[in-house]
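For the record, the sequence lines run as chains A and B. Reading the first sequence from the start, the letters are residues 17 to 403 in our numbering. Reading the second sequence from the start, the letters are residues 335 to 434 in our numbering.
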Amino acid sequence: MHTGPHLPIQCIVPPHMLQNIAQNGTDEQRAWALGTLTQSEQFRGQRLATQQFAVMGLSMVTGGGLNRSVFNARYTTELPGSLARGEGDPPTGDLAVDEAYDGAGTTYEFYRQAYGRDSIDGQGMALLSTVHFGIGYDNAFWNGKQMVYGDGDEDLPEAMRLFNRFTAAVDIIAHELTHGMTQYESRLNYFEQPGALNESLSDVFGVLTKQYLLRQTADQADWIIGAGLFTANVSGVGIRSLKAPGTAYDDPVLGKDPQPAHMNQYKNVSYDNGGVHINSGIPNHAFYVTARELGGFAWEKAGYIWYITQRDKLSAKSDFQAAANLTYQVAASLYGSGSLEQQAVRTGWQEVGITVSTDTEPPTTPPTEEPVGCRQTLINLLMGRRS
Amino acid sequence: MKIEFERTGGFMGLRIFAEIDTADLPPEEAEAIDKLLAEANFFALPEELTASTPGMDYFHYRLTVIPEDGKAHTVRFTDSAAPLEMLPLVRRLTRLARGQ
Ligand SMILES: [Zn+2]
Chain A
17 MHTGPHLPIQ CIVPPHMLQN IAQNGTDEQR AWALGTLTQS EQFRGQRLAT QQFAVMGLSM
77 VTGGGLNRSV FNARYTTELP GSLARGEGDP PTGDLAVDEA YDGAGTTYEF YRQAYGRDSI
137 DGQGMALLST VHFGIGYDNA FWNGKQMVYG DGDEDLPEAM RLFNRFTAAV DIIAHELTHG
197 MTQYESRLNY FEQPGALNES LSDVFGVLTK QYLLRQTADQ ADWIIGAGLF TANVSGVGIR
257 SLKAPGTAYD DPVLGKDPQP AHMNQYKNVS YDNGGVHINS GIPNHAFYVT ARELGGFAWE
317 KAGYIWYITQ RDKLSAKSDF QAAANLTYQV AASLYGSGSL EQQAVRTGWQ EVGITVSTDT
377 EPPTTPPTEE PVGCRQTLIN LLMGRRS
Chain B
335 MKIEFERTGG FMGLRIFAEI DTADLPPEEA EAIDKLLAEA NFFALPEELT ASTPGMDYFH
395 YRLTVIPEDG KAHTVRFTDS AAPLEMLPLV RRLTRLARGQ
């Protein structure tokens, strides 16, 4: 491009101001502008710890690519905690820190190599993780900005433990990172069917990351989320199964895996945001069946259809029917109308009780070039590059 | 003293619930809970302590305590929004709900 940098209007700081600083400012002022940028784009409304600010500022300067920081909450619930390992640092010997670091790297490489995507936002956003969160914290979450992992039942004697640390399964790490991606792409609501789709996308790309890492075909993979997460005291193979929802565990203390695999078992519940972690079994299984029908590496075709649907088609209020229709449309635009791939998508949804419909098909828009976002434009500007 | 503790959501989506009458607990367990409630300053906490940012896979808690001759107090909270002093209390109640 020969024109001056284009500054999208969604920038928080007036673009002319940053542009002025970029061109005429001192080094200090330019650093401040970079910091502002980081804060406005990724940490909106949140006061930053000085350390985190510095880390983020640094990652901005390196200009995208793989950039991980793992923090240690030291059994508190304060985020992000203290920096334990930054990008390029050697292993720490702290298992949770190193697993969070490696798992974020594996997920980044999967998205990069399978779909050409540069991180959560598609623009090299830094991957932030915190481990050792809370006491006896049997959970992992995405808080809108970063991944967070508990150590399971670390505070209990071994005979009483049900959960291992949540970094132990790479698909859990990819699940959390994909929540970040959903936040930047389809922005699916986290409630009822859109919420269950949000959950399902995280599970689908969670298992695909693991299959990619292990180079497993659809028929070789276990399709389990959280294999290895339960201790030997639990009767179960993992948290969820995409191949057979509802069968992952059946345990005297934890109860039975509540996931349905078909619309006729859809659970209308008020808790869990309307059962987002329960009814995700339905779209999860639709994906599994599609991949099973196609055979081979599931990330190549089924995964690609789901990825493009997430990136370009789904929106905040999409329900299961919309997801079925949209994946069917995307399969046609990628592989042709009536192709084996499109038929596999139809079969996938059919087996969970959803019939794809093309009646109300909205006009398909050709894939557009990824816009260069506000952040990257300004970073280029501040670093003296012209895009 | 009666306690109702519910945890929903989380990565697993597992709902756990416990209804506890401290009179039914071993005295040392009841005392420990009393102490944890005091340390968390539970009755002075606001009714809503939820995360300000939208997140996924958070645990959502609801804790109601009805003292022998007092007024019931309920606090709804998420993990990183609750004060640190709540942590040991939450852990104790989670274990009780799990039957441990
Ligand atoms: Zn999730």
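A virtual CB, placed ideally from N, CA and C, is assigned to each residue, including glycine. Keep in mind the model is a prediction, meaning the values are calculated, not measured.
- Per DSSP, reduced to three states, the secondary structure at VAL250 of chain A is coil, with no helix or strand assignment.
- By the rule that beta-carbons nearer than 8 Å mark a contact, GLY102 of chain A does not touch chain B.
- Rounded to the nearest angstrom, the gap between the Cα atoms of GLN359 of chain A and GLU201 of chain A is 26 Å.
- In the DSSP annotation of this structure, the continuous segment of the beta strand (DSSP E) that includes ALA100 of chain A starts and ends at 98–102.
- By the rule that beta-carbons nearer than 8 Å mark a contact, ARG425 of chain B touches chain A.
- A check of alpha carbon separations from ALA374 of chain B across B:LEU430, B:VAL424 and B:THR428 identifies B:VAL424 as the nearest.
- Taking a cut-off of 8 Å for Cβ pairs, the stretch 128–136 of chain A and the stretch 181–192 of chain A do not touch, as fewer than three such pairs fall below it.
- Residues of the stretch 145–163 of chain A with a Cβ closer than 9 Å to any Cβ of chain B, in chain order: PHE149, GLY150, ILE151, GLY152, TYR153, ASP154, ASN155, ALA156, PHE157, TRP158, ASN159, GLY160 and LYS161.
- Between the C-alpha atoms of SER331 of chain A and LEU204 of chain A there is a straight-line separation of about 6 Å.
- A Cβ-Cβ contact shorter than 8 Å links PHE303 of chain A with ALA318 of chain A.
- Counting only the Cα atoms, ASN155 of chain A lies some 18 Å from TYR117 of chain A.
- Here ARG396 of chain B carries a strand assignment [DSSP, helix/strand/coil].
- Here ALA339 of chain A is not near ALA234 of chain A, since their CB atoms are 8 Å or more apart.
- ALA348 of chain A and VAL372 of chain A have their C-alpha atoms roughly 13 Å apart.
- Within chain B, no residue has its beta carbon less than 8 Å from that of VAL86 of chain A; the closest one is some 17 Å off.
- In this structure, the CA atom of LEU217 of chain A is about 13 Å from the CA atom of ILE189 of chain A.
- The beta carbon of THR325 of chain A sits closer than 6 Å to the beta carbons of LEU342, THR343 and VAL346 from its chain, once the five residues preceding and following it are set aside; these are given in chain order.
- At a cut-off of 8 Å between beta carbons, ASP413 of chain B contacts chain A.
- Between the C-alpha atoms of HIS195 of chain A and THR356 of chain B there is a straight-line separation of about 40 Å.
- Rounded to the nearest angstrom, the gap between the Cα atoms of PRO417 of chain B and GLU309 of chain A is 50 Å.
- The three-state reading of DSSP puts VAL409 of chain B in strand, counting E and B together.
- Note on ALA175 of chain A: under 16 other CB atoms within 10 angstroms of its CB, so exposed under the neighbour-count rule.
- The three-state reading of DSSP puts ASN88 of chain A in strand, counting E and B together.
- Per DSSP, reduced to three states, the secondary structure at SER349 of chain A is helical.
- The beta carbon of GLU215 of chain A sits closer than 7 Å to at least one heavy atom of ligand 1.
- The Cβ of ARG410 of chain B sits no closer than 8 Å to any Cβ of chain A.
- Between the beta-carbon of GLY140 of chain A and that of THR93 of chain A there is about 29 Å, and that puts the pair past the 8 Å contact cut.
- By DSSP's assignment, SER257 of chain A forms a beta bridge with A:ILE240.
- Restricting attention to alpha helix (DSSP H) runs no shorter than 4 residues, the stretch 138–178 of chain A encloses none.
- Taking the Cβ atoms as the reference, SER135 of chain A lies roughly 6 Å from TYR124 of chain A, within the contact range of under 8 Å.
- Not flagged as an interface residue toward chain B: VAL223 of chain A, since no C-beta distance is shorter than 8 Å.
- Residue nearest to ALA307 of chain A within the set A:LEU144, A:GLU208 and A:LEU258 is A:LEU258 (criterion: CA-CA distance).
- ASP267 of chain A sits in a strand when the DSSP states are folded into three classes.
- Beta-bridge partners assigned by DSSP to LEU383 of chain B: B:PHE411.
- Below the 9 Å Cβ cutoff, chain A contributes ASN159 and GLY160 as neighbours of ALA385 of chain B, in chain order.
- Here GLY343 of chain B carries a strand assignment [DSSP, helix/strand/coil].
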